[in-house]
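The structure under discussion appears below in the form of structure tokens.
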Amino acid sequence: IVEHPAAGYKKIFETVEELNEPISAKITGIIPSWLSGSLLRMGPGLFEVGDEPFYHMFDGQALMHKFDLKNSQVTYYRKFIRTDAYVRAMTENRVVITEFGTAAYPDPCKNIFSRFFTYFRGIEVTDNCLVNIYPIGEDFYAVTETTYITKIDPDSLETLKKVDLSKYLSVNGVTAHPHADADGTIYNIGNCFGKNMSLAYNIIKIPPAQTDKSDPIEKSQVVVQLPSSERLKPSYVHSFGMTDKYFVFVEQPVKINLLKFLSAWRIRGTTYMDCFESNDTMGTLFHLATKDPAVYLSTHKFRTSAFNLFHHINTYEEEGFIIVDLCTWKGHDFVYNYLYLANLRGEWEEVKKAAMRAPQPEVRRYVLPLDIHREEQGKNLVALSYTTATAVLESDGTIWLEPEVLFSGPRQAFEFPQINYSQYGGKKYSYAYGLGLNHFIPDRIVKLSVQTKETWVWQEEDCYPSEPLFVPTPGATEEDGGVLLSIVVKPGAERPGFLLVLDATNLMELARAEVNTIIPVTLHGMYKRRA
163 IVEHPAAGYK KIFETVEELN EPISAKITGI IPSWLSGSLL RMGPGLFEVG
213 DEPFYHMFDG QALMHKFDLK NSQVTYYRKF IRTDAYVRAM TENRVVITEF
263 GTAAYPDPCK NIFSRFFTYF RGIEVTDNCL VNIYPIGEDF YAVTETTYIT
313 KIDPDSLETL KKVDLSKYLS VNGVTAHPHA DADGTIYNIG NCFGKNMSLA
363 YNIIKIPPAQ TDKSDPIEKS QVVVQLPSSE RLKPSYVHSF GMTDKYFVFV
413 EQPVKINLLK FLSAWRIRGT TYMDCFESND TMGTLFHLAT KDPAVYLSTH
463 KFRTSAFNLF HHINTYEEEG FIIVDLCTWK GHDFVYNYLY LANLRGEWEE
513 VKKAAMRAPQ PEVRRYVLPL DIHREEQGKN LVALSYTTAT AVLESDGTIW
563 LEPEVLFSGP RQAFEFPQIN YSQYGGKKYS YAYGLGLNHF IPDRIVKLSV
613 QTKETWVWQE EDCYPSEPLF VPTPGATEED GGVLLSIVVK PGAERPGFLL
663 VLDATNLMEL ARAEVNTIIP VTLHGMYKRR A
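For the sequence shown, the working numbering assigns the number 163 to the initial residue and increments by one for each residue that follows.
Here it is, written out as structure tokens:
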């Protein structure tokens with residue numbers, strides 16, 4: 163385990179300015195000639211407004227980054243997304259819209275009566291789209307987890323349009339991790355109001371680019387609804403699983419207390435984080451639905467012990483089973499409680515102490531049998547030779563799942579997982595690539611064989627990488643034939659930010675493109691090939 167006594171990681175949680183124009187990178191090594199396109203990344207870039215700080219890692223204002231690769235040359239560019247949250251904050255020099263863990267207060271310059279009415283008008287839902295970027299049809303959208311998504315120009319990084327998905331779909335929010343079919347059809351999930359004012363989860367579908375050039379979002383539809391185990395307390399959902407034929411939704415014990423959320427609109431100083439609570443008795447539930455036709459399989463009730471879940475790695479079917487690989491955090495205590503900036507900016511010994519109290523990370527494989535009828539109680543239903551995961555029918559008709567552990571290390575997480583999605587998403591696969599978190603601090607890139615559990619690691623002293631994106635070599639026949647792209651920060655270096663290009667087969671460095679600017683933490687993103 164690498165130590166970080168100099169606490170250089172603090173620099174990735176500091177405000178930066180946007181750039182007026184792209185800057186050239188200094189390249190060492192050789193960038194593959196076929197690599198021509200843009201690495202687009204989202205993350206927080208403004209961590210305070212005036213003298214008001216943002217408190218949580220998911221509060222900083224959305225900054226979009228672009229490393230552009232062309233003719234073996236590389237440039238770097240970044241711009242803040244002109245969301246309502248950002249524009250109003252900059253105009254008024256204060257936090258105007260409540261973020262995940264930072265409350266907005268009424269304007270102190272207003273008189274007592276207008277302040278009073280501001281309280282009772284309620285919270286404005288944020289459009290701070292700092293989490294991810296993905297294509298819908300021929301357009302690109304920066305997103306968070308509310309219904310607001312922001313259309314951007316992936317070349318100029320200009321902000322084009324704010325879109326409210328709730329105008330087209332019955333959802334209270336959607337994840338920043340949609341799935342996509344080969345034709346460009348997008349699927350996502352979000353909670354909604356179901357029957358009798360109880361909460362439920364809707365899986366939604368946005369069609370691919372339209373031949374008549376109309377906006378695919380206008381043709382969005384709900385394809386299937388899944389029930390919530392608690393009427394007024396939906397689970398927090400950050401991602402879901404999809405195969406060619408099935409959707410998999412994992413209902414975790416981290417809950418949104420809807421009554422608290424709605425009443426928070428009336429109370430000064432309440433944030434989204436204040437509305438989360440943990441159910442310490444429900445464990446974790448797995449829900450299944452077929453994809454076409456889309457039908458919820460209410461007879462398949464799967465349960466296991468409590469864990470937090472943010473990222474699915476991959477999901478696939480084989481021989482009557484659905485295999486679900488997940489980045490889990492043990493227990494029902496909410497991991498986001500440990501991602502306040504005060505925690506992440508602490509001295510190394512303090513960071514380690516906080517992580518010791520947090521849920522422990524583990525990569526797990528769960529196996530869900532599809533044929534659950536005609537089986538006896540107490541018998542393991544999993545008949546796949548290559549996994550130790552079990553599924554046992556209980557007397558109440560539910561099936562108790564026990565996982566196979568694919569990766570585990572004390573306070574060492576394999577997170578922000580990526581795969582060769584274009585060819586192996588929803589299919590049997592061998593390799594996952596992830597960001598190694600050391601007591602929540604990102605300090606390595608890891609390749610994991612989900613078959614043999616072998617790992618490969620890229621790590622360099624005082625370097626803080628980000629989620630590695632896999633880009634396949636054109637015409638590659640091997641699953642890991644390609645490169646990994648990651649933005650790395652090396653505080654104190656002459657050129658402290660760089661794009662790292664690794665050979666995905668062995669994690670050997672092929673090249674790096676260094677720029678003379680620090681780059682704050684990025685969360686998720688995509689690689690856009692040049693047309």
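Virtual Cβ for every residue (Gly too), placed ideally from N, Cα, C. It should be emphasised that the depicted structure is a prediction, and the values quoted were computed from it without experimental measurement.
Spatial neighbours of residue i in its chain, beta-carbon cut-off 8 Å, leaving aside the 5 residues before and after
{"i": "G356", "result": "A362, Q387, P389, S390"}
{"i": "Y548", "result": "Q613"}
{"i": "Q372", "result": "G299, P378, K381"}
{"i": "T684", "result": "R203, M204, G205, H227, S628, E629, I649"}
{"i": "L471", "result": "H400, S401, V412, Q414, T446, L488, C489, T490, W491"}
{"i": "G644", "result": "N582, F632, V633, P634, T635, A638, A666"}
Own chain partners of residue i with C-beta closer than 6 Å, once the 5 adjacent residues on each side are dropped
{"i": "K381", "result": "P369"}
{"i": "K367", "result": "Y349, Q383, V385"}
{"i": "Y239", "result": "L181, P184, K228"}
{"i": "L420", "result": "L394"}
{"i": "L662", "result": "S648, V650, R674"}
{"i": "K375", "result": "none"}
Burial state of residue i (16 or more Cβ within 10 Å)
{"i": "Y528", "result": "buried"}
{"i": "D230", "result": "buried"}
{"i": "V457", "result": "exposed"}
{"i": "D345", "result": "exposed"}
{"i": "T433", "result": "buried"}
{"i": "Q539", "result": "exposed"}
{"i": "E524", "result": "buried"}
{"i": "E641", "result": "buried"}
{"i": "D442", "result": "exposed"}
{"i": "G352", "result": "buried"}
{"i": "D213", "result": "exposed"}
{"i": "N505", "result": "buried"}
{"i": "G199", "result": "buried"}
Rounded distance between the beta-carbons of residue j and residue i, thought under 8 Å
{"i": "P627", "j": "V612", "result": "Going by Cβ atoms, the distance from P627 to V612 rounds to 21 Å, so no, they are not a contact pair."}
{"i": "M670", "j": "I295", "result": "Contact doesn't hold; Cβ gap of about 28 Å is too wide."}
{"i": "L672", "j": "G191", "result": "5 Å"}
{"i": "G598", "j": "F576", "result": "6 Å"}
{"i": "P630", "j": "I607", "result": "5 Å"}
{"i": "V325", "j": "I311", "result": "5 Å"}
{"i": "T306", "j": "T288", "result": "7 Å"}
{"i": "S440", "j": "K417", "result": "7 Å"}
{"i": "L201", "j": "Q223", "result": "That pair is no contact at about 21 Å."}
Alpha carbon of residue i to alpha carbon of residue j, nearest angstrom
{"i": "L568", "j": "F220", "result": "28 Å"}
{"i": "A520", "j": "D317", "result": "40 Å"}
{"i": "M696", "j": "T337", "result": "Residue 696 falls outside the range modelled here, since the chain spans only 163 to 693, and no answer is possible."}
{"i": "M204", "j": "M252", "result": "19 Å"}
{"i": "D246", "j": "P658", "result": "31 Å"}
{"i": "H227", "j": "G431", "result": "32 Å"}
{"i": "Y217", "j": "V554", "result": "44 Å"}
{"i": "V513", "j": "V497", "result": "14 Å"}
{"i": "S397", "j": "I484", "result": "22 Å"}
{"i": "S467", "j": "C489", "result": "15 Å"}
{"i": "D130", "j": "S584", "result": "The question about residue 130 has no answer here: the residues shown for the chain are numbered 163 through 693."}
{"i": "D570", "j": "K492", "result": "A small fix is needed here, since residue 570 is Ser in this sequence, not Asp. About 11 Å."}
{"i": "T446", "j": "V236", "result": "45 Å"}
{"i": "P636", "j": "T260", "result": "45 Å"}
{"i": "A693", "j": "I193", "result": "19 Å"}
{"i": "L563", "j": "E210", "result": "44 Å"}
{"i": "A594", "j": "K609", "result": "6 Å"}
{"i": "Y586", "j": "V258", "result": "43 Å"}
{"i": "D315", "j": "F302", "result": "7 Å"}
{"i": "T552", "j": "Q621", "result": "35 Å"}
{"i": "L543", "j": "Y408", "result": "19 Å"}
{"i": "D436", "j": "G263", "result": "8 Å"}
{"i": "K541", "j": "E556", "result": "9 Å"}
{"i": "H474", "j": "V486", "result": "8 Å"}
{"i": "K241", "j": "H166", "result": "30 Å"}
{"i": "R526", "j": "I163", "result": "21 Å"}
{"i": "L424", "j": "T560", "result": "33 Å"}
Own chain partners of residue i with C-beta closer than 7 Å, once the 5 adjacent residues on each side are dropped
{"i": "S195", "result": "S234"}
{"i": "H462", "result": "L450, I534"}
{"i": "R507", "result": "K172, F175"}
{"i": "K589", "result": "Y478"}
{"i": "P340", "result": "Y296, I348, Y349, N350"}
Please give the ranges of any alpha helix (DSSP H) in the stretch 511–539, keeping only runs that are unbroken, at least 4 residues long and fully inside the region. Taking only runs of at least 4 residues, no alpha helix (DSSP H) segment lies wholly in the stretch 511–539.
What runs of the beta strand (DSSP E), each 3 residues or longer, lie entirely inside the stretch 532–611? The qualifying runs are 552–555, 561–564, 566–569, 574–580, 593–600, 603–611.
At what residue ranges does the stretch 422–498 contain a whole run of the beta strand (DSSP E), taking only runs of 3 or more? Complete beta strand (DSSP E) runs here, min 3: 438–440, 446–453, 456–458, 464–466, 469–480, 483–492.
Give the list of continuous beta strand (DSSP E) stretches no shorter than 3 residues that lie fully inside the stretch 303–383. With a minimum length of 3 residues, the continuous beta strand (DSSP E) runs that stay inside the stretch 303–383 are 310–314, 321–326, 348–355, 361–368.
Note down, one range per segment and in chain order, each beta strand (DSSP E) of at least 3 residues found wholly within the stretch 179–220. Complete beta strand (DSSP E) runs here, min 3: 188–191, 199–208.
Within the stretch 640–673, ranges of the beta strand (DSSP E) (whole runs, at least 3 residues): Runs found: 644–651, 659–665.
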